[in-house]
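Have a look at the structure below before the remarks.
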Amino acid sequence: MGNTDELRKQKYNASVTRLHHVHEDLMILRVTPDTPRPQPIPGQYTVLGLGFWEPRAPGCQEEEIKPGTEHNLARRSYSISCPILDDAGAGLMDMPAQKWLEFYVVLVRETGRAEAPILTPRLFMLKEGDRLYLGEKITGHYSLEGVKDDDSVLFLSTGTGEAPHNYMLWELLRRGHRGRIVSVCCVRYLRDLGYLKTHLAVAAMYPNVTYIPMATREGQGGKKYIQDLITSGEMERILGKPLDPGSCHVFLCGNPKMIGVQEKDRETGQLVWPRPPGVIEILMERGFRTDKHSAKERGNIHFEEYW
Ligand SMILES: Cc1cc2nc3c(=O)[nH]c(=O)nc-3n(C[C@H](O)[C@H](O)[C@H](O)COP(=O)(O)OP(=O)(O)OC[C@H]3O[C@@H](n4cnc5c(N)ncnc54)[C@H](O)[C@@H]3O)c2cc1C
3 MGNTDELRKQ
13 KYNASVTRLH
23 HVHEDLMILR
33 VTPDTPRPQP
43 IPGQYTVLGL
53 GFWEPRAPGC
63 QEEEIKPGTE
73 HNLARRSYSI
83 SCPILDDAGA
93 GLMDMPAQKW
103 LEFYVVLVRE
113 TGRAEAPILT
123 PRLFMLKEGD
133 RLYLGEKITG
143 HYSLEGVKDD
153 DSVLFLSTGT
163 GEAPHNYMLW
173 ELLRRGHRGR
183 IVSVCCVRYL
193 RDLGYLKTHL
203 AVAAMYPNVT
213 YIPMATREGQ
223 GGKKYIQDLI
233 TSGEMERILG
243 KPLDPGSCHV
253 FLCGNPKMIG
263 VQEKDRETGQ
273 LVWPRPPGVI
283 EILMERGFRT
293 DKHSAKERGN
303 IHFEEYW
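Note that my numbering gives residue 295 to position 293 of the sequence shown, counting from 1, and the numbers run on in steps of one.
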């Protein structure tokens with residue numbers, strides 16, 4: 003048996019059981035662990051890993067592997083996604099009956115830093131049936147905790163940041179949520195919306211659900227971002243009522259610039275808002291509050307930054 007076969011046998015604990023390339027840089031994959039994981043709380047994440055010995059997709063930033071790490075695993079966190087509907091598209095997927103976990107991953111070709119991306123160039127070489135590492139634990143505070151049946155729920159994401167929202171949306175539909183649900187996903191091109199068909203089908207089935215796809219590099223009238231949707235009043239028009247912190251929960255996931263957490267000013271050490279403003283600042287001016295995990299305080303803005 004070759005050395006890599008032996009390493010795979012030692013380090014991998016799961017298989018790719020379904021793989022759909024939305025396009026060459028975007029995929030939805032299902033991973034089935036050898037031993038079952040507990041049912042995730044919708045919104046949570048786990049880890050995927052592949053050995054540094056595995057091949058990398060061509061056309062990605064060159065990597066220099068540090069000596070002594072050749073036999074290690076490249077690991078990264080991934081939100082657990084959800085197909086929402088069953089394979090026939092007729093009703094909700096029976097998630098508790100499934101052994102696989104679904105992930106929604108974009109290929110990072112360049113990081114913009116000296117260190118090359120370690121995992122996605124390897125994930126994009128996978129085929130159905132291939133083996134990989136899946137984290138033993140499913141974790142994270144990003145969840146629907148505190149959301150009441152009549153609350154309005156806004157899921158705002160960039161790119162693959164809609165992964166946890168898909169699982170949360172499934173959960174809201176499963177438990178018969180009565181309030182309005184608006185999912186927004188902002189991407190560069192419409193082809194980057196891997197779950198578009200599903201969301202349109204869900205919106206057609208559930209009158210309280212709206213899906214707003216946004217493509218910054220398509221369409222006319224200049225680039226429009228999620229922040230603009232809120233400041234222009236368009237979000238309230240879609241919702242059909244004011245954004246009320248007393249009855250609305252906002253979920254933000256993906257690019258930290260869209261989310262807009264306060265940053266420490268290097269010179270003064272004070273916390274300052276990023277420029278241009280992210281969604282958090284815009285909503286806090288309207289009375290919304292973020293979660294404070296250290297103080298176990300639940301707000302009505304919940305967020306998960308991907309980097
Ligand atoms: C809690 C959590 C959940 C995550 N869930 C997902 C997920 O469901 N799907 C997913 O694709 N990624 C997700 N990520 C990001 C993921 O962990 C990796 O960072 C990403 O896949 C790139 O890995 P890499 O080793 O190839 O590059 P890295 O060495 O990790 O390169 C990091 C750089 O890649 C860019 N980048 C990272 N993630 C993205 C992204 N999603 N979209 C665009 N640019 C990105 C940023 O510029 C970042 O600085 C999540 C991150 C966290 C912290």
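Heads up, the beta-carbon is just placed ideally off N, CA and C, and yes, glycines get one too.
Only a predicted model underlies this, so the values are computations on that prediction, with no experimental measurement involved.
Less than 7 Å separating the beta-carbons of residue i and residue j?
| i | j | result |
| --- | --- | --- |
| G289 | P276 | no |
| E130 | V274 | no |
| Y191 | A217 | yes |
| Q46 | I140 | yes |
| K13 | L75 | yes |
| V204 | L136 | no |
| F54 | I43 | no |
| N168 | I86 | yes |
| W172 | C62 | no |
| Y144 | E306 | yes |
| E238 | P244 | yes |
Please name the residue in the options whose C-alpha comes closest to that of residue i.
| i | options | result |
| --- | --- | --- |
| R20 | G93, Y106, W55 | Y106 |
| P57 | H22, M127, V155 | M127 |
| S81 | V211, C255, S296 | C255 |
| L146 | G301, E220, L9, D267 | G301 |
| P38 | A99, I30, E306 | A99 |
| I228 | T71, P42, V281, R291 | V281 |
| F157 | R177, L136, H143, C187 | C187 |
| E60 | E307, M97, L109 | The residue you asked about is not Glu; residue 60 is Pro in the sequence shown. Here the closest residue by C-alpha is L109. |
| S79 | E64, L50, P85 | L50 |
| L134 | Q264, P278, A16, E306 | A16 |
| H201 | K11, G70, D88 | D88 |
| G181 | G223, G242, E138, T71 | G242 |
| M2 | D132, D27, S249, I232 | The chain is shown only over 3 to 309; residue 2 falls outside these bounds and no answer can be derived. |
| P278 | E8, T270, Q264 | Q264 |
| E304 | K101, S159, G235, G178 | Rather than Glu, the amino acid found at residue 304 in this sequence is His. The candidate whose alpha carbon is nearest that of H304 is S159. |
Could you tell me which residues DSSP pairs with residue i in its beta bridges?
| i | result |
| --- | --- |
| L156 | V184, V252 |
| L105 | Looking at the sequence shown, residue 105 is not Leu but Phe. In the DSSP output, where bridge partners are listed per residue, F105 has L31. |
| S81 | Y47 |
| K266 | L273 |
| A310 | Since the displayed the chain opens at 3 and closes at 309, residue 310 lies outside it and no answer follows. |
| E136 | For the record, residue 136 in the displayed sequence is Leu; it is not Glu. In DSSP, L136 forms a bridge with L50. |
| A76 | L52 |
| T141 | Y47 |
| F305 | L254 |
| Y213 | S185 |
By Cβ distance below 6 Å, which residues in the same chain neighbour residue i in space, the five residues on each side in sequence not counted?
| i | result |
| --- | --- |
| H251 | V149, D153, V155, N302 |
| G93 | none |
| H22 | I30 |
| A297 | none |
| G91 | A203 |
Query raised in the report: Under a criterion of Cβ closer than 5 Å to any non-hydrogen atom of ligand 1, which residues qualify, in chain order?
Result: My final list is Y47, R78, S79, Y80, S81, V107, V108, V110, T113, P119, I120, L121, T122, G161, T162, A165, Y308, W309.
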